[in-house]
Each structure stands twice: as C-alpha cells, then as structure tokens.
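Trainee: Protein chains in written order, with our numbering: chain A, 283 to 482; chain B, 283 to 482.
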DNA sequence: TAAATAAACGGAGGCGCCTCCGCTTTAGTG
DNA sequence: CACTAAAGCGGAGGCGCCTCCGTTTATTTA
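See the structure below:
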C-alpha cells in the first residue's frame with residue numbers, strides 16, 4: 283500500500299479540508315439513518331442532519347447505492363477493527379465471544395439493508411469478495427488465537443464457527459431475534475470451551 | 283383448476299367491466315413502456331397513456347413490482363402461446379426456428395428489466411419456477427415435434443437447445459446484440475437439421 | 001496579507017411517487 | 001326505467017429524488 287490520505291479516498295487527489303469533513307459526517311449520519319429506518323431513509327433528511335445541502339450529498343455519492351456501499355464497507359471495517367482491539371484487551375476466548383456479539387449487531391444492520399444489499403452484492407461482486415474475505419479473516423484470527431491459548435478446543439476450524447453463525451442470518455425476523463442470537467452465541471461458546479485445555 | 287374469469291384474476295370475484303378494461307389497457311401500455319424505457323418508465327406517464335388516473339393504476343398494482351411481475355408473466359404467456367400457434371401454422375423445424383427468434387425478443391425485454399427482474403426472481407421464487415417451467419415446456423414440445431417429424435436430428439434434448447440459447451442471455455450488451463443472436467439461432471438450427479432424416 | 005483560482009457548497013425547481021377521499025359509474029333490484 | 005349500494009375512478013397534495021448553477025470557501029501564489 284502506498285501512502286493515502288484516508289480510507290475511502292484511495293488514489294484520489296486529497297479532498298479539500300471542508301469536503302473531507304462533510305463527507306465523513308455524511309457517512310456517519312447515513313450509517314445511523316440506514317440502521318434506524320432501513321435503506322429507504324430520506325437522503326434529504328440525511329443531508330440536513332449532517333448539516334449540508336442535498337447537493338453536497340449528491341456530489342459525494344452520486345447514487346443511493348454508492349452511499350449504501352460506503353456505509354456497508356465502513357461497517358465491515360469497524361467490525362474487523364473491533365476484532366483487533368478486542369484481541370488486545372481481553373483473553374482470547376472472551377475476545378471471540380464479544381466479537382461474535384458484535385457480529386450479531388452487524389448482521390442486524392445487514393438485514394435492515396437486506397433487499398438492496400442483496401442486489402448490490404450480486405451486482406458488485408468485488409464488494410462481496412472484499413467484505414466477506416475481511417470478515418472471515420477477522421474471525422479466523424480470533425478463533426486461532428483462542429485455540430492456541432488453550433481457551434477453546436483446538437479441533438475447530440473458523441469456517442465451522444462461521445457456518446454455525448449462519449443460523450443468525452437465516453433466522454426468521456421475529457421481535458426477539460436479537461436475544462435469540464445472543465443465546466446462540468453463548469451456546470456456541472460453551473461448545474467451543476468444552477474440552478479446552480485451559481477451560482475457564 | 284376451477285372456473286376463473288380471466289387470467290390475472292384467479293379466484294377473485296369478477297371485476298367490474300370498466301375496471302377490467304382499465305386493467306388490461308394498463309398492462310398493455312406498461313408492457314410497451316417497460317420495453318421502451320426500462321423498468322423506470324414513469325408510472326404517471328403509463329397511467330396517462332392508458333387514459334386513466336394515477337390512482338387507478340395504483341389500485342390495480344399497488345407497487346411497481348406488481349406491475350412488472352404481471353407484465354413479465356404476460357410476456358411469458360405470449361411466448362408460450364406463440365409456440366402453439368407457430369406449431370400449428372408451420373413445419374416443425376420452421377416453427378422451432380421462428381419461435382427461437384421470438385425468444386430473442388423476449389430475452390431482449392428481459393434484459394431491459396434486468397436489475398429489478400433479477401431482484402424479483404430471487405425474491406419471488408414462485409414467479410421464477412412458474413415462468414421458467416412454462417418456457418422450457420414450450421421449447422420441449424417444439425423440439426420434440428421437430429425431432430418426431432424428422433426435420434431435425436432425433437438425438438437432441440430440448441434442454442441442450444435451451445442451454446445453447448443461454449449464450450444469448452449472457453452475451454455482452456453490444457449494439458449489434460440482436461443480429462448476433464439472430465445468427466446464433468440460425469447456426470443452431472443448421473446444427474439441428476444436420477443429419478435429420480427428412481432434411482429440407 | 002491580498003489577490004486569484006479552483007474546489008466545493010447548497011437549495012430552488014422540476015419531476016415522479018404514492019395516498020387519500022370526494023365524485024362518478026356500474027350492476028343489481030323493484 | 002328509476003333508484004341504490006357498492007365498486008371504481010382520478011387528481012390534488014405532500015414528499016423525496018436529483019440536477020443545475022450562482023455563490024461561498026479553501027488553497028495557492030506573489
């Protein structure tokens with residue numbers, strides 16, 4: 283990687299300071315809006331809350347999909363960062379568990395975006411491979427670290443864990459979805475801790 | 283199947299005569315509009331051209347997708363009807379060839395609708411299985427009739443022919459797409475006629 | 001620091017979406 | 001035919017999308 287001003291501005295000439303600020307603010311506000319109201323959140327409302335004109339929003343993100351994509355990438359990025367932070371600050375098994383809980387939140391937003399995200403992911407295959415690669419990479423290092431430290435059993439593969447989490451995504455959209463998913467993660471952790479050399 | 287007033291109104295109490303008329307006109311106009319301008323054709327424009335108010339359009343088709351679906355089903359229906367008509371009016375091999383040419387037109391519209399149709403077909407799997415079943419059924423009877431009459435070789439399966447036509451759909455969207463596809467159909471027919479018992 | 005210029009801003013305006021509900025038409029009924 | 005209820009109509013109105021371009025601001029240059 284060469285030097286670059288910031289994520290989201292790869293190989294572009296650096297944005298003017300105000301433009302940079304506005305762009306970041308927009309993404310941040312949009313992330314909240316999409317999470318709260320789904321992808322159909324009003325772009326004019328997003329612009330207003332970010333304190334910019336609608337024109338500014340459109341200059342930065344020529345279509346709604348552009349904005350959704352950037353928000354989604356940011357989400358993934360955050361999830362992966364969290365993996366590193368958690369690994370640094372907690373015992374390996376706890377880190378894994380906390381991360382999986384955060385993963386549940388991530389899936390929750392992803393479901394909010396469901397329809398158009400699905401379209402986006404089939405249309406833009408780069409987006410799909412980029413993000414799924416990064417997420418499963420993050421998970422792999424957490425699982426491997428936990429296994430190496432003896433906090434979870436050593437005979438599991440991270441892809442198995444990923445697969446187990448698949449149930450979260452496909453579970454029906456009931457109101458208690460979040461609690462169910464939380465329990466699923468706990469259950470999964472119990473299974474992973476069972477028979478570990480340094481169970482705790 | 284029980285008695286039903288009309289296609290598109292299965293198991294509903296029959297529409298009032300004016301409603302029926304308006305509905306049909308709307309579908310007809312929409313079909314043209316979608317073919318010409320893609321799925322983003324203005325619904326208000328469609329309503330106007332059909333000589334009804336926008337409210338009427340929305341009463342019959344609560345969302346754009348509903349309308350797209352009905353138009354698409356009608357398209358498929360027309361394609362299948364054409365198979366029967368052509369089979370009645372032409373020698374079996376000619377019928378098959380003409381039908382495949384019409385199939386090209388059908389694919390052309392389908393491409394126009396591409397993005398939202400893809401979404402619709404993954405969302406609404408009934409639509410997918412219904413239509414693909416009907417289309418491949420139509421093709422099968424044409425191929426079998428042509429094979430039975432000795433106008434094309436007997437050792438081909440209709441699914442092979444379908445597969446061969448797949449190239450039409452996946453071909454890049456160049457301006458000369460239609461001609462290319464026409465040539466592909468001719469080429470395919472030559473292959474099918476080669477070694478037929480009653481080649482002509 | 002001031003002037004010059006390129007970059008970015010923002011919101012008015014035009015268009016399409018969709019809902020809502022008072023008005024019109026149809027299909028019965030006597 | 002006249003009347004009525006139910007079915008259907010339609011377009012005004014409110015909102016969101018997106019473009020366009022005159023105005024403002026950051027950066028560079030002197």
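Note that CB positions come from ideal geometry on N, CA and C, so glycine has one too. This structure is a prediction, so every number in the text was calculated from the model and none was measured.
With DSSP as the reference, label residue 473(A) as helix, strand or coil.
Mentor: Note: residue 473(A) maps to helix in three-state DSSP.
Trainee: Determine which residues of the segment 450 to 477 of chain B have a Cβ less than 7 Å from any Cβ of chain A, and write them out in chain order.
Mentor: Taking 7 Å as the Cβ-Cβ cut-off against chain A, none of the residues of the segment 450 to 477 of chain B qualify.
Trainee: Counting only Cβ pairs nearer than 7 Å, list the residues of chain B close to residue 349(A).
Mentor: Here the premise fails: no neighbours, minimum Cβ distance about 18 Å.
Trainee: Tell me whether residue 342(A) is buried or exposed, calling it buried when 16 or more other Cβ atoms sit within 10 Å of its Cβ.
Mentor: Burial call: buried.
Trainee: Can you have a look at residue 284(A) and say buried or exposed, based on whether 16 or more other CB atoms are within 10 angstroms of its CB?
Mentor: Annotation note: pLDDT 36 at residue 284(A) (below 50); position unreliable, coordinate value reported separately. Exposed: under 16 other Cβ atoms inside 10 Å.
Trainee: Is the beta carbon of residue 374(A) sitting closer than 8 Å to the one on residue 468(A)?
Mentor: Cβ distance not < 8 Å, so residue 374(A) and residue 468(A) don't count as in contact.
Trainee: Would you kindly work out how many angstroms separate the C-alpha atoms of residue 463(A) and residue 415(A), rounded to a whole number?
Mentor: So the alpha carbons of these two residues sit roughly 23 Å apart.
Trainee: Whole angstroms is fine: what's the gap from residue 344(B)'s alpha carbon to residue 421(A)'s?
Mentor: Distance between the alpha carbons of residue 344(B) and residue 421(A) is about 43 Å.
Trainee: Determine the closest residue to residue 477(B) out of 425(B), 466(B), 437(B), 457(B), with distance taken between C-alpha atoms.
Mentor: Of 425(B), 466(B), 437(B), 457(B), the residue nearest in Cα terms is 437(B).
Trainee: Can at least three beta-carbon pairs, one atom from the segment 327 to 336 of chain A and one from the segment 383 to 402 of chain A, be found at a separation below 8 Å?
Mentor: No, the segment 327 to 336 of chain A is not in contact with the segment 383 to 402 of chain A.
Trainee: Under 6 Å Cβ to Cβ from residue 440(B), same chain only, skipping five residues before and after it: list those, please.
Mentor: 421, 422, 425, listed in sequence order.
Trainee: Counting contacts by CB-CB distance shorter than 8 Å, is residue 345(B) in contact with chain A?
Mentor: No, its Cβ sits nowhere closer than 8 Å to a Cβ of chain A.
Trainee: Reducing DSSP to helix, strand and coil, say where residue 333(A) ends up.
Mentor: Correct three-state label for residue 333(A): coil.
Trainee: According to DSSP, is residue 297(A) helix, strand or coil?
Mentor: Coil at residue 297(A), not helix or strand.
Trainee: Got a sec: which bits of the segment 381 to 411 of chain B sit with their beta carbon under 9 Å from any beta carbon on chain A, in order along the chain?
Mentor: For the segment 381 to 411 of chain B, which is checked against every Cβ of chain A, the residues closer than 9 Å are 397, 398, 400, 401, 404, 405.
Trainee: Can you list, in chain order, the residues of its chain with a C-beta nearer than 8 Å to that of residue 431(A)? Leave out the 5 residues immediately preceding and following it.
Mentor: So the list reads 373, 374, 375, 480, once near-sequence residues are dropped.
Trainee: Entirely within the segment 306 to 332 of chain A and at least 4 residues each: give me those alpha helix (DSSP H) ranges in chain order.
Mentor: Listed in chain order, they are 325 to 331.
Trainee: Which residues bound the alpha helix (DSSP H) around residue 343(B)?
Mentor: Counting along the chain, residue 343(B) falls outside any alpha helix (DSSP H), and DSSP gives it neither H nor E.
Trainee: Quick check: what's the CA-CA separation for residue 309(A) versus residue 302(A)?
Mentor: Distance between the alpha carbons of residue 309(A) and residue 302(A) is about 11 Å.
Trainee: Just list the alpha helix (DSSP H) runs in the segment 386 to 436 of chain B, keeping only unbroken ones of 4 residues or longer that don't cross its boundaries, in chain order.
Mentor: Entirely contained in the segment 386 to 436 of chain B, the alpha helix (DSSP H) runs reaching 4 residues are, in chain order, 396 to 405, 407 to 430.
Trainee: In the structure shown, what three-state DSSP assignment does residue 455(B) receive?
Mentor: DSSP places residue 455(B) in coil when its eight states are reduced to three.
Trainee: So for residue 478(B), helix, strand or coil by DSSP?
Mentor: In this structure, residue 478(B) counts as coil in the three-state DSSP scheme.
Trainee: Report the residue from 378(B), 471(B), 347(B) whose alpha carbon sits nearest the alpha carbon of residue 399(B).
Mentor: Minimum Cα distance to residue 399(B) is reached at 347(B).
Trainee: My understanding is that residue 466(A) touches residue 449(A), with C-beta atoms under 8 Å, so please give their C-beta distance in whole angstroms.
Mentor: Rounded, the Cβ-Cβ distance is 6 Å, consistent with contact.
Trainee: What is the DSSP secondary structure of residue 363(A), counted as helix, strand or coil?
Mentor: Helix, per DSSP.
Trainee: Counting C-beta neighbours from all protein chains within 10 Å, is the total for residue 410(B) 16 or more, i.e. buried, or is it exposed?
Mentor: Residue 410(B) is exposed by the Cβ-count criterion.
Trainee: What does the alpha-carbon distance come out to for the pair residue 386(A) and residue 457(A)?
Mentor: About 14 Å.
Trainee: Measuring only the C-alpha atoms, how far is residue 365(A) from residue 417(A)?
Mentor: So the alpha carbons of these two residues sit roughly 9 Å apart.
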